[in-house]
Amino acid sequence: QQQVKQSPQSLIVQKGGISIINCAYENTAFDYFPWYQQFPGKGPALLIAIRPDVSEKKEGRFTISFNKSAKQFSLHIMDSQPGDSATYFCAATEETSGSRLTFGEGTQLTVNP
Amino acid sequence: DAGITQSPRHKVTETGTPVTLRCHQTENHRYMYWYRQDPGHGLRLIHYSYGVKDTDKGEVSDGYSVSRSKTEDFLLTLESATSSQTSVYFCAISDLSSLRRFRSPGELFFGEGSRLTVL
Chain A
2 QQQVKQSPQS
12 LIVQKGGISI
22 INCAYENTAF
32 DYFPWYQQFP
42 GKGPALLIAI
52 RPDVSEKKEG
62 RFTISFNKSA
72 KQFSLHIMDS
82 QPGDSATYFC
92 AATEETSGSR
102 LTFGEGTQLT
112 VNP
Chain B
127 DAGITQSPRH
137 KVTETGTPVT
147 LRCHQTENHR
157 YMYWYRQDPG
167 HGLRLIHYSY
177 GVKDTDKGEV
187 SDGYSVSRSK
197 TEDFLLTLES
207 ATSSQTSVYF
217 CAISDLSSLR
227 RFRSPGELFF
237 GEGSRLTVL
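Chains A and B are the protein sequences, given in the same order.
Oh and the first sequence: position 30 is 31 in the working numbering, straight run, nothing missing.
Oh and the second sequence: position 82 is 208 in the working numbering, straight run, nothing missing.
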């Protein structure tokens with residue numbers, strides 16, 4: 002049973018476009034929502050994270066939008082670049098659980114030049 | 127680099143044989159995790175550890191055991207490998223007490239993965 006649902010499975014965007022990846026969660030006890038980026042042959046790495054006390058967090062071209070009432074959050078990548086081509090995972094956890102992250106299924110993003 | 131080494135990086139084995147994957151960290155972090163990554167499932171937690179000899183099960187622990195006799199080493203064992211355990215296995219570490227090293231208390235640092243094929 003997947004507690005964090007992610008969509009789409011794959012996404013193709015033109016260079017300069019906006020990439021949007023969506024996640025929905027079920028457990029209302031989750032209080033920390035990170036996004037991880039993974040390049041082929043590498044382990045995932047933290048990209049950006051948000052806590053539910055804010056509705057948006059921006060770091061450079063990457064923005065998380067958070068809707069607590071809908072139990073949804075999304076990653077927006079502005080001005081997408083070929084170097085952003087990777088697999089993206091949303092995740093969620095209760096921070097008191099010792100960082101035991103529950104991951105979404107992953108989205109393979111391809112940014113065409 | 128977060129100082130995490132996984133070994134072996136690649137292994138092919140036969141059904142029914144035992145397999146041990148090793149995760150070694152040089153960061154002296156308290157928390158260690160084993161995840162498996164499969165298409166369509168993302169990463170799923172197998173087992174985790176809060177410290178030496180302190181381990182617990184994750185969501186997909188059946189068929190796996192772990193041991194942590196030293197802070198730096200976390201071993202994942204498949205007692206009798208099955209084809210359903212063909213996967214990429216990732217070790218991760220975190221240290222909730224160290225805000226200097228991590229951008230957030232919930233951040234995990236992952237190793238580069240161990241690809242296991244069970245024939």
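For each residue, glycine too, the CB sits at the ideal point set by N, CA and C.
These figures come from a predicted structure and were not determined experimentally.
Worksheet item: Between which two residues does the beta strand (DSSP E) containing B/Y161 stretch?
Response: Reading the second sequence from its first residue, position 35 is the one you call residue 161 of chain B. Where B/Y161 is concerned, the enclosing beta strand (DSSP E) stretches over Y157 to D164.
Item to complete: State yes or no: is the beta carbon of B/G177 nearer than 7 Å to at least one beta carbon in chain A?
Response: Here residue 177 of chain B refers to the residue found at position 51 when the second sequence is read from its first residue. So no, B/G177 is outside the interface.
Practice prompt. Below 7 Å CB to CB, which residues in the same chain sit around A/P53 once its five sequence neighbours on both sides are set aside?
Written response: Translated into positions along the first sequence, residue 53 of chain A becomes position 52. Excluding sequence neighbours, A/P53 sits near D32, F67 and K69.
Worksheet item: Going by the CB atoms, is the gap between B/V214 and B/G184 shorter than 7 Å?
Response: The residue you call residue 184 of chain B lines up with position 58 of the second sequence. The residue you call residue 214 of chain B lines up with position 88 of the second sequence. Contact flag unset, no.
Practice prompt. Determine the contact status of A/S75 and A/N23, defining contact as a CB-CB distance below 7 Å.
Written response: Position 74 of the first sequence, counted from the first residue, corresponds to residue 75 of chain A. Position 22 of the first sequence, counted from the first residue, corresponds to residue 23 of chain A. Cβ distance < 7 Å, so A/S75 and A/N23 count as in contact.
Worksheet item: According to DSSP, which residues form a beta bridge with A/A93?
Response: Translated into positions along the first sequence, residue 93 of chain A becomes position 92. Answer is A/T103.
Worksheet entry | Inter-residue Cα distance where the pair is B/T141 and A/K43 | For the purposes of this step, residue 141 of chain B is taken as the residue at position 15 of the second sequence. For the purposes of this step, residue 43 of chain A is taken as the residue at position 42 of the first sequence. Taking the straight line from one Cα to the other gives about 27 Å.
Worksheet entry | Distance, B/F236 Cα to B/I172 Cα | Counted from its first residue, the second sequence places residue 172 of chain B at position 46. Counted from its first residue, the second sequence places residue 236 of chain B at position 110. If I take the Cα positions, the gap works out to 14 Å.
Worksheet entry | Contact under 7 Å by Cβ, A/R101 with A/T94 | Locating residue 101 of chain A in the first sequence gives position 100, counting from the first residue. Locating residue 94 of chain A in the first sequence gives position 93, counting from the first residue. Result yes, Cβ atoms of A/R101 and A/T94 sit closer than 7 Å.
Discussion item. Taking 7 Å as the limit between beta carbons, can you name the residues of its chain near B/S224, skipping five residues before and five after?
Written reply: Translated into positions along the second sequence, residue 224 of chain B becomes position 98. Bear in mind that a pLDDT of 47 at B/S224, under 50, signals an unreliable position, so the model cannot answer this.
Fill in: Close-in-space but distant-in-sequence residues of the same chain around A/G105 (CB under 8 Å, 5 per side omitted)
The count along the first sequence starts at 1 and reaches residue 105 of chain A at position 104. The answer, listed in chain order, is Q3, V5, K6, Q7, C24, F90, C91 and A92.
Worksheet item: Taking the DSSP output, what are the residues bridged to A/P35?
Response: Residue mapping note: residue 35 of chain A aligns to position 34 of the first sequence, counting from 1. Answer is A/A50, bridged to A/P35.
Discussion item. If contacts are defined as beta-carbon pairs under 8 Å, then B/R148 and B/Q132 qualify, I think. What distance do you get, rounded to the angstrom?
Written reply: Translated into positions along the second sequence, residue 148 of chain B becomes position 22. Translated into positions along the second sequence, residue 132 of chain B becomes position 6. At roughly 7 Å, the Cβ-Cβ gap stays under 8 Å, so B/R148 and B/Q132 are in contact.
Worksheet entry | Neighbour-count burial assignment, B/I219, 16 or more Cβ in a 10 Å radius | Translated into positions along the second sequence, residue 219 of chain B becomes position 93. The residue in question, B/I219, is buried, as its Cβ has 16 or more Cβ neighbours within 10 Å.
Worksheet item: Listing by chain order, which chain A residues have their CB less than 7 Å from the CB of B/H167?
Response: As a working note, residue 167 of chain B is residue 41 in the second sequence. Here the neighbours are E106.
Practice prompt. List the residues that DSSP assigns as beta-bridge partners of B/A218.
Written response: If you number the second sequence from 1, residue 218 of chain B lands on position 92. In DSSP, B/A218 forms a bridge with B/Y159 and B/F236.
Worksheet item: Helix, strand or coil: which one does DSSP assign to A/S98?
Response: Position 97 of the first sequence, counted from the start, is the residue given in the question as residue 98 of chain A. Helix.
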